[in-house]
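Here's the structure, in structure tokens; my notes come after.
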Amino acid sequence: MTDLPQGPASRRVDRAGVVIAAVLAALAVVLVWDSRQLATTTMYGMGPEVMPVVIAIGLGLLAIGNLVDALRGNLPARESADRKAVWLILGGLVLLIAIIGLGGGFIIATSALFVTTSAAFGRRALLADAAIALVLSTLIYLAFDRLLTLSLPTGPLERLL
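Going by this note's numbering, the residue at position 53 of the sequence shown is 80; the numbering climbs one at a time, nothing skipped.
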């Protein structure tokens, strides 16, 4: 039996792809609308509203491409999700929010997210991941705080630095 090219009758519209395209387009519209609400205080022609518009253009292009592929039925088949991995990542995000909300600071919060995400991807070296996360989070915090002079949430470790 030979593989014959399948005609248009075998291709179906991917409804999930159309929904994803609509969400991407809606997010692009929200970004453009929100960037127009920012007060422009620069005299050079470009202010803080430029980057959200650039990102919105990218999201719009992604939405168009996704819609075209969804209507043509060209999107690849989806794999089944690993529920344990999804719950680990969601748990890491909840930990991140809770730690920052309770005053734990950026370093501990992002370290918790790093460890749970690496566990979600199948890595089981929790102590090594915690050490790597603490070092990377500290370097990122120092880069933002000292080099870029941007404020990140502070906690006990950040006050020691």
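Virtual Cβ for every residue (Gly too), placed ideally from N, Cα, C.
If we count the other Cβ atoms within 10 Å of its Cβ and call it buried at 16 or more, is residue i buried or exposed?
i	result
S164	buried
T176	exposed
V142	buried
A170	exposed
I134	buried
S138	buried
I108	The sequence given here places Ala at residue 108; Ile does not occur at that position. Burial call: exposed.
A136	buried
A155	exposed
A48	buried
A104	exposed
I126	buried
Whose C-beta lies closer than 7 Å to the C-beta of residue i among residues of the same chain, with five residues either side of it excluded?
i	result
G100	R38, R39, V40 and D41
L102	D41, G44 and D96
I159	none
P75	L65
R63	E76
L179	F133, Y168, F171 and D172
L94	V45 and A48
A157	S138 and V142
Quick test of your reading: residue i and residue j, contact by CB under 8 Å. State the CB separation rounded to the nearest angstrom.
i	j	result
G119	L184	Not quite, the Cβ-Cβ distance comes to about 18 Å (not below 8 Å), so this is no contact.
A147	I116	5 Å
G182	G130	6 Å
L140	L153	Between L153 and L140 the Cβ distance is about 14 Å, and since that is not below 8 Å, they are no contact.
Near residue i, which residues of its chain fall below 6 Å by C-beta distance, leaving aside the five closest residues on each side in sequence?
i	result
T144	I116 and G119
L89	L51
P79	L58 and S62
L161	S138
Excluding the 5 residues preceding and the 5 following residue i in the sequence, name in chain order all residues of the same chain whose CB lies nearer than 8 Å to its CB.
i	result
P32	With a pLDDT of only 49 at P32, under the threshold of 50, the placement of this residue in the model should not be trusted, and no figure is reported.
- Three or more C-beta pairs below 8 Å linking the region 78 to 85 and the region 55 to 65: Yes, since at least three Cβ pairs between the region 78 to 85 and the region 55 to 65 fall closer than 8 Å, the two stretches touch.
- Message: Could you tell me which whole alpha helix (DSSP H) segments of length 4 or greater appear in the region 116 to 165?
- Response: Look at the region 116 to 165 and you find these whole runs of alpha helix (DSSP H), each 4 residues long or longer: 133 to 147.
- Tell me the start and end of each unbroken alpha helix (DSSP H) in the region 38 to 91 that is at least 4 residues and wholly inside, in chain order. Entirely contained in the region 38 to 91, the alpha helix (DSSP H) runs reaching 4 residues are, in chain order, 42 to 63.
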